[in-house]
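Enquirer: Protein chains in written order, with full-length UniProt numbering: chain Z, 1 to 352; chain B, 1 to 352.
Here a beta-carbon is modelled for each residue, glycine too, at the ideal position from N, C-alpha and C.
2 protein chains.
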Amino acid sequence: MPDEDVVVPKVGIRDVARAAGVSVTTVSHVLNETPHTRTSEATRDRVRSIARDLGYTPNRLARGLRTRTSDMIGLLTEEIATTPHAGRIILGAQEEASRHNLTLAIINSHLDAGADARRADARALIERQVDGIIYATVFHHEVSVPRELRAVPAVLIGALDRQGVVPAVLPDEASGAADLVALLVDAGHRRIAFANSSIEVPATQGRLVGYLRGLEEAGIPRDDRLIASGVSEAAGGYEASLELLDREDRPTAIFCYNDRMAMGAYRAAQELGLRIPDGISIVGFDDQAPIAASVYPALTTVALPHYEMGAWAVATLTRLVQSSSTSWYRSTHPTWLPCPVVLRESVAQINR
Amino acid sequence: MPDEDVVVPKVGIRDVARAAGVSVTTVSHVLNETPHTRTSEATRDRVRSIARDLGYTPNRLARGLRTRTSDMIGLLTEEIATTPHAGRIILGAQEEASRHNLTLAIINSHLDAGADARRADARALIERQVDGIIYATVFHHEVSVPRELRAVPAVLIGALDRQGVVPAVLPDEASGAADLVALLVDAGHRRIAFANSSIEVPATQGRLVGYLRGLEEAGIPRDDRLIASGVSEAAGGYEASLELLDREDRPTAIFCYNDRMAMGAYRAAQELGLRIPDGISIVGFDDQAPIAASVYPALTTVALPHYEMGAWAVATLTRLVQSSSTSWYRSTHPTWLPCPVVLRESVAQINR
DNA sequence: AGAGGTTGCCAAAAGGTTTTGGCAGAGCGG
DNA sequence: CCGCTCTGCCAAAACCTTTTGGCAACCTCT
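#1: Does the Cβ-Cβ distance between Ala93/B and Gly310/B come in under 7 Å?
#2: Do you know offhand how far Asp45/B's Cα is from Ile13/Z's?
#3: Per DSSP, Pro334/Z forms a beta bridge with which residues?
#4: Provide the residue span of the beta strand (DSSP E) that contains Glu78/B, from first to last.
#5: Can you look up Arg344/Z in the DSSP assignment and give me helix, strand or coil?
#6: Could you check where the beta strand (DSSP E) with Asp172/Z kicks off and where it finishes?
#7: Taking Cβ to Cβ, would you say Pro167/Z is nearer than 7 Å to Val155/Z?
#8: Can you tell me which of Thr316/B, Gln322/B, Gly87/B, Ala105/B puts its alpha carbon nearest to the alpha carbon of Val138/B?
#9: Can you tell me which residues form a DSSP beta bridge with Thr69/Z?
#10: When the distance is taken between beta carbons, is Tyr135/Z closer than 7 Å to Val181/Z?
#11: Do we get a CB-CB distance below 7 Å when we pair Gln288/Z with the residues of chain B?
#12: On the DSSP letters alone, give me the boundaries of the alpha helix (DSSP H) that Asn32/Z sits inside.
#13: Please list the residues of the region 88 to 101 of chain B that have a C-beta atom closer than 8 Å to any C-beta atom in chain Z, keeping them in chain order.
#14: In chain order, what residues of the same chain lie with their CB nearer than 7 Å to the CB of His306/Z, ignoring the 5 residues before and after it?
#15: Is the number of C-beta pairs between the region 258 to 278 of chain Z and the region 291 to 299 of chain Z that are closer than 8 Å three or more?
#16: I'd like the ranges of any beta strand (DSSP E) spanning at least 3 consecutive residues and lying wholly in the region 248 to 291 of chain B.
#17: Beta carbons nearer than 8 Å to chain B: which residues of the region 45 to 72 of chain Z have them?
#18: Within a Cβ cutoff of 7 Å, which residues of the same chain sit near Ala19/B, ignoring the five residues on either side of it in sequence?
#19: Quick check: is the beta carbon of Asn258/Z nearer than 7 Å to any beta carbon in chain B?
#20: Taking the alpha helix (DSSP H) that Ala19/Z falls in, what are its first and last residues?
#21: Using a beta-carbon distance below 7 Å, is Ile276/B in contact with chain Z?
#22: Along the chain, which unbroken stretches of the alpha helix (DSSP H) at least 4 residues long are found entirely within the region 137 to 216 of chain B?
#23: Verify the CB distance criterion: does Ser346/B have a CB-CB separation below 7 Å to chain Z?
#24: By a C-beta neighbour count over all protein chains shown, 10 Å radius and 16 as the cutoff for buried, is Arg38/Z buried or exposed?
#25: Check the C-beta distance from Ser232/Z over to Tyr257/Z and give it rounded, since I have them as a contact under 8 Å.
#26: How long is the line joining the alpha carbons of Asn32/Z and Gly164/Z, rounded to whole angstroms?
#27: Measuring alpha carbon to alpha carbon, tell me which of Ser40/B, Gly237/B, Gly214/B ends up nearest Ser197/B.
#28: Does Pro84/Z have its Cβ less than 7 Å from a Cβ in chain B?
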C-alpha cells in the first residue's frame, strides 16, 4: 500500500512561474536573491510561498550547467581511506564543505593501481565539473600530481608537490615531537630514549628531527645509544624497548615512534617488572583512536591534525576558486599544521 | 612561469564533431557506443581518435541533465563519520560505486543537529539529483527515515526502517557472538563469563543473545553470576572483570562486549597475576582497528562487516534504481551480514 | 526499372536553469 | 504634453548533452 506516495511529477522553476503568474526569470531572481534586480516585495512573497507550497526542488545539475560551477569538490584519497585516520580527514573536509554549501565527492585510489588509474580517477572528478580537487596521500613524499589536476584548482594533503605549484598541508611532526620531549624534560627526565620506526618515511625523519631538537633546546647532549628502531608495530616497539631498557644506565623515558610501538614498549616494561609511569615513562605518537585512551595507564601522545587538514584543504580550495583563475597556481609554501600533545597518564614526574 | 599552461578553452562534443566533419549526434553515438545505431567503422575510428587528440572531456552535468540520472549516489552518515569504523563503510561504498561507474557524494549529519538538519541534508543530495541515497547510522535503532528519502531509492545501514519499506543491512552480532562462544567451547572452556556494556543499544542485546545461544548450543546452562556489565570502555571492562574474577570458582574465559572493555579485562588479569591466555582467556568484539592486533597477547575478537555493509548498500541501491521505479519500495526483510571471528592469541586450549 | 530493405548519417528538440538585454508603464519636472 | 528616469517584469539565448525521427543514397530482387 503505497500510502500517499502518488508519483509526484517533478516541479520545476517553470511550474512555479506559471502558478505565480510571472516569468521564470523572476522566479529565478527571487529564489536566488539575485542582487541588482528589481522585484516588488509583493511578488517576491508570492513566488516564495508558491515555491514552498509546490515543493519546488531546484535541480543543481541544470544550475551547474548554466553557471559553469558545480559547487562540488572532489576528494581523491590515495589508499588513505584504508587507514583509521582517513575518517577524520574526510570528516574535516566534509564539514568545512557543508559550511560553504559545497558537496564532497570522494574517490579512493589504490596505491598499487598505478598512476594511470589515479589519472582516470582525477578525470572522473573533472568530468563531474568539480570546482576543485583535494588530493590526499598517506605518506608525504614529494609527489608529482597527475597532470589532469592542473585543469582545476587543487590542494594536497600529506604530500608536497614536486613542482611547488600546488598548495599543500602537512602535519608539523617535528614540532609535535619536540613538544613531547619538552614535556618529558619538564617532568624531570633527561635520559630520554627514542624508539623510531625502521622504515624510511617522512614521518620517521620528522619525528627524529623533533626529538633531537627537543633535546637540544633542553641542553641535553645527543646520545645515539638512546636511539633504537624497529618495525612500526607493537612487535618493533617491544624489541626496541627491550634493547633500550636492557642496560645499566637505562633511560627514564621512552618516546615511541607511534602508539602501536608504544604498546610494545608497555609489554617490554611489564616483562621487566617496570611499572608505568613510575618505573618508566612512555609516550607515543598519532593518538590513534581507541588505543591511546584504552590502554593502562592511558598513553600520553601527540595527535595528528587530520580533521584540521581536511578542513584546511577545502577552505583554501574555496579561496583558490574565488580568486582569479589565472593566479591560483602561484607558488606557495606548504602549510604545516600543529600536532598537539595529548596529556594522559603514562609520564611520571621524577626528581632531578 | 605558467609553462604550457595556456588556458585551454574547454572542448565539447561540438568541437569534436566539427573537427571530424560529422554531426554531434554521431559523436555522441560513437563515444557512448549506443547500441542499435549504425556508423561505419571508419567514422568511428576517426571520431574516437579526434576526441582523444582534442582531449575531449565529457560534461557529466550536461549528460545528467539530459538523461535524468546523475550516476551519483549519496551517502548520508548520521554522526557515524566520527567513529573509527566509518572509514570502512565509506570505503566499501566507494569501491562498489567505482565498480558501477558511480560517484559517491557524502554528507555527515550531526546527531544533535536534529531531524530538520538531516532533512535538509537529504534534500541537498536530492537537489544534486543523486540516483539513490544510503542512510547510515551508528546504532541500529528503528528509525523513521526522513520523508524526503521517499523521493528517491534509499537503503539503510545499521538501522531498521520503522515502516519496513526501506531495505536495510545490519551486522549479525548475535551469530558472531555465538561463534565466539563456540570457539571458546571448542577450546575446552565451559565457565565462560560475559562482560556486557551497561548502556542499552541494540548491540548490547544482540551480543548477549548470541552469548546465550552459544552456551545453549553447547549444552552449558546459563549462570547469571557469570554475566556482569560496565561502561563500554576500558574502565568498565576492568571493573566487570575484577568482579567476575574475584571468586572461588572463577571463569576460565571472559567474553567482553567490545575490544575496549577487553583492554580493561587485560589490566584486571594482570593485576590479579593471571597470564593471558593461560590463566584466563579473553575475547572481545569489533576488531577495532589497531587495538586488537597491537595488544599483547593479540586479541581474538569478532569483526564487524563495515566494508561489506557499505558495498552491499550501493549494490542493492543500483539494483533498486535499475528495477522499475514503481516497485522499489516493496517491503523487504533486513539483511544480516555475518561478523567473522578473528582468531588471534588470547584464547588458550584447556583440558576439560 | 521499380519496389523494398539497409546503411550511414543528420537536424532539431529536449532537459532545467541563469543571464542578457530589453520593453512597457508609471512618475516627475518642465 | 514632452522627455526623462525609474520600476517591475519578461523573452530568448545559452550551458552541453542525448535522443527522436527521418532522409538520402545505395543495394538487391523481381
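Expert: The answer reads as follows:
#1: yes
#2: 41 Å
#3: Looking at the DSSP assignment, Pro334/Z forms no beta bridge with any residue, so it has no partner.
#4: Looking at the DSSP string, the run of the beta strand (DSSP E) that includes Glu78/B is 72 to 78.
#5: coil
#6: 168 to 172
#7: yes
#8: Gly87/B
#9: Answer is none; Thr69/Z lacks a bridge partner.
#10: no
#11: yes
#12: Residues 24 to 32.
#13: Ile90, Leu91, Gln94, Glu95, Ser98
#14: His85, Arg88, Ile89, Gly92
#15: yes
#16: 253 to 256, 281 to 283
#17: Thr57, Pro58, Asn59, Arg60, Leu61, Ala62, Gly64, Leu65, Ser70, Met72
#18: Ile50, Leu54
#19: No, its Cβ sits nowhere closer than 7 Å to a Cβ of chain B.
#20: For Ala19/Z, the uninterrupted alpha helix (DSSP H) segment begins and ends at 13 to 20.
#21: No, Ile276/B lies away from the interface with chain Z (no Cβ there is under 7 Å from its Cβ).
#22: 173 to 186
#23: no
#24: exposed
#25: Correct: roughly 6 Å between the Cβ atoms.
#26: Asn32/Z and Gly164/Z have their C-alpha atoms spaced approximately 39 Å apart.
#27: Gly237/B
#28: yes
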